[in-house]
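Residue numbers (the numbering used here): 1 to 69.
Inspection log for the structure reproduced underneath, given as structure tokens.
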Amino acid sequence: MSAKKQEVNFTEAFSELEEITKWFDSEDQLDLDAGLKKFERGLELASELKKKLAQVENKVEEIKEKFSQ
């Protein structure tokens with residue numbers, strides 16, 4: 001059985017990233033351990049979102065090229 005990576009749900013990932021950002025903005029005294037975990041998760045989410053946007057951009061370019069001929 002091969003381990004296939006689950007497809008990123010853009011809306012859910014973006015919402016989670018927004019929640020992490022709000023957490024950092026709202027905390028007066030940050031818990032360093034919790035902050036580090038949230039920071040790491042935020043970077044993971046940002047990376048996945050960036051990949052997903054690149055995929056969509058490539059697909060849009062393919063579609064535009066297909067119909068411009």
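By construction, the Cβ of each residue, glycine as well, lies at the ideal position given by its N, Cα and C atoms.
Assuming the contact rule is C-beta atoms closer than 8 Å, residue i and residue j should be a hit. Round their C-beta distance to whole Å, please.
{"i": "LEU45", "j": "GLU16", "result": "6 Å"}
{"i": "PHE10", "j": "LYS52", "result": "5 Å"}
Could you tell me if residue i is buried or exposed, where buried requires 16 or more neighbouring beta carbons within 10 angstroms of its beta carbon?
{"i": "ILE63", "result": "exposed"}
Using C-beta distances below 7 Å, list every residue in its chain close to residue i, excluding the 5 sequence neighbours before and after it, in chain order.
{"i": "ALA13", "result": "LEU45, GLU48 and LEU49"}
Got a sec? Which residues, its chain only, sit under 8 Å from residue i by beta carbon, not counting five neighbours each side?
{"i": "MET1", "result": "Note that MET1 scores 40 on pLDDT, short of 50, meaning its location in the model is unreliable; the coordinates nonetheless yield the value given after this. So no residue of the chain qualifies."}
{"i": "LEU30", "result": "PHE24"}
For residue i, name the three-state secondary structure that DSSP assigns.
{"i": "ASP28", "result": "coil"}
{"i": "GLU7", "result": "coil"}
{"i": "GLN69", "result": "coil"}
Can you list, in chain order, the residues of its chain with a C-beta nearer than 6 Å to that of residue i? Leave out the 5 residues immediately preceding and following it.
{"i": "ILE20", "result": "LYS38 and GLY42"}
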